[in-house]
Structures are given as C-alpha cells and as structure tokens.
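Residues 3 to 68 in the working numbering are what the sequence shown spells out, letter by letter.
Quick notes on the structure that follows.
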Amino acid sequence: MQYLANKAQVRRETNTFFFTMAKEDHEPIGKMVIPQTYSESMHYLEGKRRLEVGDEMRNLYQGGVA
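Printed below as a string of structure tokens:
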C-alpha cells in the first residue's frame, strides 16, 4: 500500500505484457529451456501456447490456411 497526500492508495496491476521470441524460419533459437519447478513449467507452457497462437494469427493475417 502506498500513502500519498495523507490518503491510502493501492497500486494494482492493470495489464501484463509478454515478449515472445522466435525466428521467422521456425528454426530453433539455439537455447534449450528446461523448467525446474512447477511454476516455471506453467510459464513455459503458457509461452509455448502464446507462440503457437501468434503463429496461427500471423498465418491468418497473411491469407494462409491455419
């Protein structure tokens, strides 16, 4: 909690931004990610799904077939 001008104010996260890195030719980037914990595994899977959805969306925008 943050106090400003004698009033209690609560900061809340309003959005989240995700960076996804991939090569256009779909070749491996050269780094292998091996999650060590359950939390890391869930983040890895979410990133993998976001990459797959992004690929599908790009394909649709370019007029291809998904």
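All C-beta atoms in this analysis are idealised placements derived from N, C-alpha and C, irrespective of residue type, glycine included.
Note that this is a predicted model, so its numbers are computed, not measured.
By how many angstroms is the C-alpha of residue 36 removed from the C-alpha of residue 45?
-> 11 Å
In terms of alpha-carbon separation, which member of 64, 60, 52 and 61 lies closest to residue 19?
-> Measuring from the Cα of residue 19, the nearest candidate turns out to be 52.
Just the Cα atoms here: how many angstroms apart are residue 49 and residue 38?
-> 16 Å
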